[in-house]
DNA sequence: TAATTTTGCATCGTAAACGATATAATTTTT
DNA sequence: AAAAATTATATCGTTTACGATGCAAAATTA
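Chains as they are written, first to last, in our numbering: chain C, 1 to 151; chain A, 1001 to 1151.
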């Protein structure tokens, strides 16, 4: 028999892992019509907030490394959502900007958050219960950033 | 400027996504010596609880599809952690069992959960705050399972 | 019993993640 | 200024995820 602490039901990380995957799945019906994936949607959110950003700005914001973000951006450029131009002052940098198509997509996307809230609300009862866990998740994320930096 | 609801900081899913990734990163120093990845660790947890399971048992337990689990199990078999035998009553099934090596790994792994708790505790203050969000995550997961089944 | 459907698993293709490494441009040091 | 170190991004290889499809064994129906 398993040690108590090794039981799957006692694992917080497994819950986060599952919740994250299933939530991404819930976005599918809304992102498919736009032709983007969930990570690409996150990049769009970042760019809709600030039009002009470097690869590093984006990867910092999403807590992803450039080796994940670069191919992501390359695919998005291919899809005509963004442009990647060489930086003028610093030629190492790549400046990422939205195309007209990328900018226009914001209008189609603006209802997605409320659609998702409504969908979850159908099955869970109260959205407040979910917003209540946000500060804890933020603390966890901050803690993990430090933990992971130490190794 | 972005619509308020489209701001990254207002996205619960982004938090789950980030928290899950960073937590998996925190497991790295403990799983590397064992030569397994986090999803493989999850499979081990499942098998340590019940020695003998079909591919479907495991994929149900982890909320993953067989097209994810099968290659995972193939790699784990190659690594000598599990065996996959054809089912006797039902020849379609694959019965997954632990090898001696896989069973023995439990002893090396039994301290991992407390190590991780301690590590997080260092940076976050109280573990209770984390356990408090578990019921909400469970409700969210259950709700999302249904939501995703409808589409 | 033969035909059909369903089920359990596997394979394929694509997109993430991420460690390791490479490369070119900038900074810092000598 | 030349050399060394750092920085920003990109490339490569492996492992996940997951939609789509295939296939053989069982279960169901005709």
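For each residue, glycine too, the CB sits at the ideal point set by N, CA and C.
In the structure shown, residue 98/C falls within a strand segment according to DSSP collapsed to helix, strand and coil. Interface flag for residue 46/C against chain A is set, since a Cβ pair is found closer than 8 Å. In terms of beta-carbon proximity, residue 148/C lines the interface with chain A, with at least one pair separated by less than 8 Å.
7, 8, 10, 11, 12, 13, 14, 15, 16, 17, 18, 19, 20, 21, 22, 23, 24, 25, 26: these are the residues of the region 7-26 of chain C whose beta carbon lies less than 8 Å from some beta carbon of chain A, given in chain order.
Closest in alpha carbon position to residue 69/C, among 96/C, 21/C, 131/C, 119/C, is 96/C.
Against chain C, the CB of residue 1097/A has no partner CB under 8 Å away; the residue lies outside that interface. As for any alpha helix (DSSP H) of minimum length 4 sitting wholly inside the region 99-136 of chain C, the runs are 100-109, 112-124, 127-132, ordered along the chain.
At least one beta carbon of chain A lies nearer than 8 Å to the beta carbon of residue 3/C.
For residue 23/C, DSSP records no beta bridge to any residue.
Beta-bridge partners assigned by DSSP to residue 1085/A: 1095/A. In this structure, the alpha-carbon of residue 1083/A lies about 44 Å from that of residue 118/C. The C-beta separation of residue 1073/A from residue 1055/A comes to about 7 Å, placing the pair in contact by the 8 Å criterion.
Within the same chain, and ignoring the five residues on either side of residue 94/C in sequence, the residues whose Cβ sits closer than 6 Å to its Cβ are 55, 84. When the five nearest sequence neighbours on each side are left out, the beta carbons in the same chain lying within less than 7 Å of the beta carbon of residue 58/C are those of 43, 46, 69, 96, in order along the chain.
Straight through space, the alpha carbons of residue 19/C and residue 1065/A are spaced by roughly 15 Å. For residue 54/C, DSSP records a beta bridge to 95/C. Annotation for residue 1078/A: the continuous alpha helix (DSSP H) segment containing it runs 1066-1078. Neighbourhood of residue 92/C in chain A, by CB distance below 8 Å: empty, with the nearest CB roughly 25 Å away. Residues of the same chain with a CB within less than 8 Å of the CB of residue 87/C, apart from the 5 flanking positions on each side, are 54, 93, 94, 95 in chain order.
If you draw a 10 Å sphere on the C-beta of residue 1013/A, you find 16 or more other C-beta atoms in it, and that means buried. By the CB criterion at 8 Å, residue 1123/A and residue 143/C fall inside the cutoff.
With distances taken between CA atoms, residue 60/C lies nearest to 1008/A out of 1138/A, 1109/A, 1008/A, 1147/A.
Secondary structure of residue 1003/A (DSSP, three-state): coil.
Taking 9 Å as the Cβ-Cβ cut-off, the region 58-91 of chain C approaches chain A at 61, 62, 63, 64, given in chain order.
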